[in-house]
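For what it's worth, full-length UniProt numbering labels the leading residue of the sequence shown as 1, then goes sequentially.
Backbone N, C-alpha and C define an ideal beta-carbon position, used for all residues, glycine too.
To keep things clear, I will list the structure first and then write my remarks on it.
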Amino acid sequence: MTVYAIAQLKMTDRAAYDRYQARFFDVFKKYDGRLLAADEHPRVLEGAWPHDKPVMMSFPDEAAFLAFSNSPEYEDISRDRKAGAQATVLLVKGFAPRLADHQNGP
């Protein structure tokens, strides 16, 4: 089942984050992930949002995400991400609609 990694970032050291970002795709492309969104200027439509950037990625399944996030290559570059931004990261399972799901809604 497809999973989605959703990160909400608050920048703390732009130079460190830029180093992470420069190396990200070389690692990411090895793990069947898809970058769906990354926006440093999102429109907040409701409520307060104390972050600077949301990032949304998809992976074929949880095992693929874990292979990426636990890989030695990602561990290496993530030091700059952790130095450059505070993050909340969620792993969300994809939705496989069934007839009963349509009747109950979200």
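Alpha carbon to alpha carbon, what distance is there between Pro-97 and Ala-7? Cα-Cα distance, rounded: 25 Å.
Going by the CB atoms, is the gap between Lys-10 and Pro-50 shorter than 8 Å? Here Pro-50 is near Lys-10, since their CB atoms are less than 8 Å apart.
Of the residues Tyr-74, Arg-79, Arg-34 and Arg-43, the one placed nearest Pro-60, counting alpha carbons only: With distances taken between Cα atoms, Pro-60 lies closest to Arg-34.
Outcome for Asp-80 when other beta-carbon atoms lying within 10 angstroms are tallied against a minimum of 16: By the beta-carbon neighbour count (other beta carbons within 10 angstroms, threshold 16), Asp-80 is buried.
Starting from the C-beta of Ala-37, find all residues in its chain whose C-beta is less than 8 Å away, skip the five residues before and the five after it, and write them out in chain order. Closer than 8 Å at Cβ, skipping near neighbours: Pro-54, Val-55 and Met-56.
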